[in-house]
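K.L.:
Got a structure for you, written out below as structure tokens; questions coming shortly.
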Ligand code: PHE
């Protein structure tokens, strides 16, 4: 028999064997017999190629390749057919659609906090954390808020009745994240460029826009040559990144004991101006108290309420939704 006839016979036999295989083991045996690399029938046929005349060789070589490709394709097709799960596995219909698995989600405020951190990181601000239970030094004194200041009124703060620091001073739940400014500057020489995001507590009457616990993002940049213009640029870059629209920032004069000058910052949003938070240049007294030289370095600080931005972006009209843990609300984010 000549080489061409042998190839044709091989192809016929291989295709028949492939069609006859009924399971994965069967098809594997066919593969080894007909296409096996080490021995196999194809290997034997390859030896034929060496024996044909030089004129015949290109024709036979082409035929050899075509036969090999057709047999391989048929084998693969049959293999995947045999691998399909059978519809019934021990009485379970595996082709029925599954029951959807409800995955947990991150809370919308956590999502906002993570996004704020990553935007600020791109602007060069590292994230730091501070304690929620504070002493009067960090919550007030170091921030230039003296003992007679009305902000220290026990009715406006959550003083802890039983807890006393070992030094004896009273403790309270922090009323602002500005405490973290002090903690960072006390332990780090300038330059510093940080944000701190976390809970603050104030005994406000709870309604659609007030809660006795909410979240703030504090920002602080102290270095030689920092000005209010830097503050404006950072706030603008931050808000533009979060809201996706190009916003403008406007300052109104204000007062905070730990910044001088102090401002309320607003941003343009669609056709409105919205208040975004308090800010200002860190008061030289505050810098001095942490051992910085106010003749050498200047800095800005800002404090923004986080809930408000999340509400703005998602059209949430009641701050209480964040804390009720109603999954119908939470699942939407
Ligand atoms: N801590 C202020 C507040 O809670 C906001 C603020 C932060 C103001 C930093 C100035 C600088 O209202």
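Residue numbers (the working numbering): 112 to 444. For every residue, glycine included, the Cβ atom is placed at its ideal position computed from N, Cα and C. Keep in mind it's a predicted model, so treat the numbers as computed, not measured.
1) Going by alpha carbons, who is nearest to residue 132 out of 185, 120, 308, 331?
2) May I have a chain-ordered list of the alpha helix (DSSP H) segments no shorter than 4 residues that lie completely inside the region 284–320?
3) Determine the extent of the beta strand (DSSP E) in which residue 409 is found, giving its start and end residues.
4) Beta carbon of residue 415, beta carbon of residue 387: below 7 Å?
5) Which term fits residue 295, buried or exposed, when burial requires 16 or more other beta carbons within 10 angstroms of its beta carbon?
6) Just how far apart, CA to CA, sit residue 328 and residue 338?
7) In angstroms, rounded to a whole number, what distance separates the CA positions of residue 190 and residue 232?
8) At 3 residues or longer, what runs of the beta strand (DSSP E) sit wholly inside the region 182–266?
9) Is residue 369 buried or exposed, if buried means 16 or more other CB atoms sit within 10 Å of its CB?
10) What residues are listed by DSSP as bridge partners for residue 141?
11) Between residue 300 and residue 408, is the Cβ-Cβ spacing less than 7 Å?
12) Quick check on DSSP: helix, strand or coil for residue 381?
13) What span of residues does the beta strand (DSSP E) with residue 123 cover, start to end?
14) Provide the residue span of the alpha helix (DSSP H) that contains residue 438, from first to last.
15) Could you compute how far the alpha carbon of residue 395 sits from the alpha carbon of residue 405?
16) According to DSSP, what are the bridge partners of residue 331?
17) Can you give me the start and stop residues for the alpha helix (DSSP H) that residue 152 sits inside?
P.N.:
Judging by the given coordinates:
1) Looking from the CA of residue 132, the closest CA among 185, 120, 308, 331 belongs to 185.
2) DSSP runs (the alpha helix (DSSP H)) wholly in the region 284–320: 289–298.
3) 409–416 is the extent of the beta strand (DSSP E) around residue 409.
4) yes
5) buried
6) 20 Å
7) 52 Å
8) 244–246
9) It is buried - the Cβ of residue 369 has at least 16 other Cβ atoms within 10 Å.
10) According to DSSP, residue 141 bridges with nothing at all.
11) One thing to note: residue 300 has its Cβ no nearer than 7 Å to the Cβ of residue 408.
12) coil
13) Where residue 123 is concerned, there is no enclosing beta strand (DSSP E), although the alpha helix (DSSP H) around it starts and stops at 114–131.
14) 438–441
15) A straight-line Cα-Cα distance of about 5 Å links residue 395 and residue 405.
16) 305, 412
17) According to the DSSP assignment, residue 152 belongs to the alpha helix (DSSP H) that extends over 151–160.
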